[in-house]
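J.: Residue numbers (the working numbering): 67 to 318.
The beta-carbon is built from N, C-alpha and C at its ideal position, and this holds for glycine as well.
The model shown is predicted, which means the values in this text are computed figures rather than measured ones.
1) Taking contact to mean 3 or more Cβ pairs, one atom from each stretch, closer than 8 Å, check whether the segment 203-211 and the segment 221-231 are in contact.
2) Give me the residue from 201, 199, 117 and 185 with the minimum Cα distance to residue 105.
3) Classify residue 91: buried if its beta carbon has 16 or more other beta carbons within 10 angstroms, exposed otherwise.
4) Residue 241: buried (16+ other C-beta within 10 angstroms of its C-beta) or exposed?
5) Could you give the residue range of the alpha helix (DSSP H) that holds residue 250?
6) For the alpha helix (DSSP H) that contains residue 178, what are its first and last residues?
7) Considering only C-alpha positions, which residue in the set 226, 181 and 214 is nearest to residue 196?
8) For residue 205, does the three-state DSSP call read helix, strand or coil?
9) What three-state label does DSSP hand residue 117 in the structure shown?
10) At least one CB of chain C closer than 9 Å to the CB of residue 144: is that the case?
11) Going along the chain, which residues of its own chain have a beta-carbon closer than 8 Å to the beta-carbon of residue 178, five neighbours each way excluded?
12) With a threshold of 8 Å, are at least 3 pairs of Cβ atoms found where one atom belongs to the segment 187-195 and the other to the segment 140-149?
13) The alpha helix (DSSP H) that contains residue 124, what's its start and end?
14) I think residue 136 touches residue 121, with their Cβ atoms under 8 Å apart; what is that distance to the nearest whole Å?
15) In the DSSP output, what is residue 210 paired with across the bridge?
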């Protein structure tokens, strides 16, 4: 039953098309997973530190030191982002790629990761540009960066506003991704069938098909046997005149 059904719908059946085996064979790259969560943790720390330095009443010296750490963390997140994108773009060079699997959760996770990457990139770009246009000197963990000579306070204010709104958006999408990860951890989806399970299902389907063919052959043989044995008796019982000895002798 299963074999004939899958043969008719090979494109849509994961068992016969081999998609289930492909899903099972895929492996998650631990380096990519660790790098992604490290990127998220650094991003959360950067957001928290920036919000604290902006909203909490602090002295100018303390606020300046926290902003420098905030900028350094943001640039560190940018480095992690570049490495993460390299892992995604060249999976063969850095190990196995992400496991391919169907499902709404995995699709939602991929979309959320893409949005997070874009927001982190936007935060880094707007933060750096806004600081440069304000005329401030930037440093990366104590190492001064190249200065920007052109100062435009209106452009700096606009970039800082976009930077702030992107931070709120990043915090919201980070919460959504963490909630999705917790849901997947607490209520995991059914894993794809293993190769042994697929072999068992295929063997059961082939056994059903063989049994059905044997049953069809036996029924045809019994019908032929019944017609050969009981056919003349039925004819003689229905038409005794045509099958009497006198009629047979006349025919002979």
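T.: On the basis of the supplied data:
1) no
2) Residue numbering aside, residue 105 sits at position 39 when the chain shown is read from its first letter. For the residues 201, 199, 117 and 185, the minimum Cα distance to residue 105 belongs to 185.
3) Residue numbering aside, residue 91 sits at position 25 when the chain shown is read from its first letter. Summary for residue 91: the model assigns pLDDT 37, below 50, so the residue's position carries little reliability; its value from the coordinates is reported in the next sentence. A residue is called buried when at least 16 other Cβ atoms come within 10 angstroms of its Cβ; residue 91 does not meet this threshold and is exposed.
4) The residue given as residue 241 occupies position 175 in the chain shown. Exposed, because fewer than 16 other Cβ atoms sit within 10 Å of the Cβ of residue 241.
5) For the purposes of this step, residue 250 is taken as residue 184 along the chain shown, with counting starting at 1. First-last of the alpha helix (DSSP H) with residue 250: 219-252.
6) Within the chain shown, residue 178 is the residue found at index 112, counting from 1. Its alpha helix (DSSP H) spans residues 170-199.
7) Counted from its first residue, the chain shown places residue 196 at position 130. Cα-wise, what sits closest to residue 196 is 226.
8) For this step, residue 205 is matched to residue 139 along the chain shown. Strand at residue 205.
9) Against the chain shown, residue 117 aligns to sequence position 51. Correct three-state label for residue 117: helix.
10) Reference to chain C is not applicable here, since this structure consists of a single protein chain.
11) Position 112 of the chain shown, counted from the first residue, corresponds to residue 178. Answer for residue 178: 239, 242, 243 and 246, listed in chain order.
12) yes
13) One-based indexing of the chain shown puts residue 124 at position 58. Unbroken run through residue 124: none, as it is neither H nor E.
14) Taking the chain shown and counting its residues from 1, one reaches residue 136 at position 70. Taking the chain shown and counting its residues from 1, one reaches residue 121 at position 55. Going by Cβ atoms, the distance from residue 136 to residue 121 rounds to 13 Å, so no, they are not a contact pair.
15) Within the chain shown, numbered from 1, the residue matching residue 210 stands at position 144. Paired residue(s): 205.
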